[in-house]
Every structure is written in structure tokens, then in C-alpha cells.
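First the structure, in the form of C-alpha cells, and then the observations on it.
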Amino acid sequence: MKPEHLEQARSEISTRRNRAVAENDRRFEEINTLIPEIAEINRQLFQTSRNLLQIIRSGENTEERVNALRCQNQQAQIMVRKLLKSHGYPEDYLDIRYTCPKCSDTGVSGGTYCSCLTELAAKIAAAELNRNAQVNLCSFESFDISYYKGYKTESGADCCRAMEIIFEFCKEYAANFSKNSPSIMMFGSTGLGKTHLSLSIASVVLEKGFSVLYDSVINFLRKIESEHFGRDTSGNDTLALLLECDLLILDDLGTEFDTPFYQSMIYNIINTRINRSLPTIISTNMDWSGISHKYDERITSRIFATYVNQHFVGYDVRILKAQQNAARR
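First residue of the sequence shown: 686, per our numbering; consecutive thereafter.
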């Protein structure tokens, strides 16, 4: 992980902590104004804390006196909670509400980096990688199902109905996304909306606060290859990000060169994410026969066995849009 990503994450977590403390101060001021009994108890608690420090510093009969003050402190806190509840507030209204209770928004837990810090640094790194991606996010609202009307599949099924089912599946997948969501294989001819719907999912999932990486397979593999063989000295670790992000979207599987290194990387990415129960969305213009021909059984067996298959059908939407634009001129 690059130092600058960690530094950005530390800064954000520090901001979270300051925000939590400021909000807690505001709540204390509110309650002290509205409920005088609590204001008095809080004053006593503050004095108790000062007395506690003085006893510890003096070192005289410390344990007995400290225990007595702690007991007094606990009883006062119980009284505050009861008063809060009786006035219609939650009992924990005056507790500081940190974003990460494990480290209290310090970024350190158990003498090492807290998971909130490393996860935030990974999201910052992923966002940087996405900014350099050669694809742009899409939305479900801009997906036009009318382009599939009037077309039939080879078996005679209605293309529009088939694509309506896929569209609704993708919307529900995005709305209910979690790290335990299934992986998806989107396959079908070019121009049928695979990239559009996968990037529409990405847009919604990103808004939910998950880390998402999206780009073409060949672009990701070129980055990994460059870093692996030392041509990229930026300190990036694209492979680690792909293996760890909450959702990975691999566009245009099959367009990459057929080399042992690329095959091994594709297997590593797919297999590792399956083992970690992390969802992946793959889109490809190949059918099952083409996938089986291009990739070895280690890759195909994992895709076929664990991914939800979505077969895109219809006529190339790009061509239809071009024909419509030409007709308007």
C-alpha cells in the first residue's frame, strides 16, 4: 500500500474523530441546558475524574480510593442514562459515536493498523485506479429496453422479455449488494448492454460506500504485468487491489493476449476472490464454447460452477442508435 494512500486515510479518520467529538460536545451542551439534573451530575463526574488523577499521582492508599471513586462514577452514569430515557432521549445519547468503535477513530487497534484504516486506504487507491480507467460509469435510468423490441433469439424467445428480466436482476443486485453477493457472468454478442449494466451496478454500489474496481481485463492485466516485471515504479499494487476490493468488474474478458502470464493472473484473480467469497462481475462477447476453448479447465470450471449466468440477447444497440441518428439527419 502506497504511503500517500495511508496518509490520506489517516487524515480522513482524524477528521471523523474530530467530527464525533464535536458532535458529542454539542449533545452535552444541549442536555446540560435542557436537563439541569444531568448538568449537575456531569459536573460531579468531571470533578470525580480530576480527583481520580490526583489520587493516582499521590500514590497513597490508591487502590481502595480509586475503586470507591469508580463505583461512584458508575452509579452517576447509570443515573444519567435513566434521566435521559425519562426525558425521551436514547440512554446512550451522550456516548461518543465513533465511526469505528474498534479503534475509536484513531486508526490503530491492538498496536497495529485498524482494519478501518487499511480498508479506507484501499478505497482511496481503488478510486485512483478507477479515475485512470478507460470506461465511465453508467446508470440504470439511461438503459433503454425499447432497443430490444421486435427481435427473437435463435430459439424463438422474445429478446425484449429476456432483457427485461436481466435488467431487473441487475437493479435488484445493486440495490441489495453485499460482500456476500454472488458473482455474475454476463455473456453475449457485442453491443447488447453488458458494460452498461455492469457499470450501472458499480455506480449504485459505490454510492453505498463499497470499494469497486472496474476496467477491461486487458487494462488490468497490463498494469499488473508492468508492476510485476518492474517497468512500473509507482509503487502501485494493482493485483492486491483486485483481490481485495468489495466488487470487481472485469469487462471484455477474452480480448487480452493469450499468454501464460495472463492466463495465470486471470486464474489467480477468479480463484482467490471465490475463496474469499468476494463477488466479481465478468462480461464477455464469447459464448460458453468460446470461453471453454480459450481458457483452461481451472478457470472455466470455477466460472461455470459459481457464477450466475446472464445471457444478453438482441441486436447491436450501438448500430441501432447509429441508424437512428443517421435517419434524423
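Ideal placement from N, C-alpha and C gives every residue a C-beta, glycine not left out. None of the values given here were measured: they were computed from a predicted structure.
Around the C-beta of Leu906, 16 or more other C-beta atoms lie within 10 Å, and the residue is accordingly described as buried. Listed in chain order, the non-local C-beta contacts of Asp943 below 8 Å within the same chain comprise Lys979, local neighbours out to five positions each way being set aside. Under a 10 Å Cβ-count criterion, His772 is classified as exposed, with fewer than 16 other Cβ atoms of the shown protein chains found around its own Cβ. The beta carbon of Tyr778 sits closer than 8 Å to those of Arg712, Ile716, Leu769, all from its chain and outside the five residues before and after it, given in chain order.
Within the segment 764-840, the runs of alpha helix (DSSP H) that reach at least 4 residues and sit entirely inside it are, in chain order, 800-816. By the criterion of at least three beta-carbon pairs nearer than 8 Å, the segment 800-814 is not in contact with the segment 725-736. When secondary structure is reduced to three states using DSSP, Asp972 falls in the coil class, being assigned neither helix nor strand.
Cys788 has its alpha-carbon roughly 26 Å from the corresponding atom of Glu813. DSSP, read as helix, strand or coil, puts Leu935 in strand. DSSP, read as helix, strand or coil, puts Ser901 in strand. Judged by DSSP in its simplified three-state form, Thr875 adopts coil rather than helix or strand. In this structure, the alpha-carbon of Val765 lies about 7 Å from that of Ile726. Membership of Val706 in any beta strand (DSSP E) is not indicated; the residue belongs instead to the alpha helix (DSSP H) covering 688-719. Within 10 angstroms of the beta-carbon of Phe946 lie fewer than 16 other beta-carbons, which makes it exposed. Secondary structure at Ser868: strand, using DSSP grouped into helix, strand and coil. The beta carbon of Cys855 sits closer than 7 Å to the beta carbons of Leu882, Ser885, Ile886 from its chain, once the five residues preceding and following it are set aside; these are given in chain order. In this structure the segment 864-872 touches the segment 956-972; the number of beta carbon pairs closer than 8 Å is three or more.
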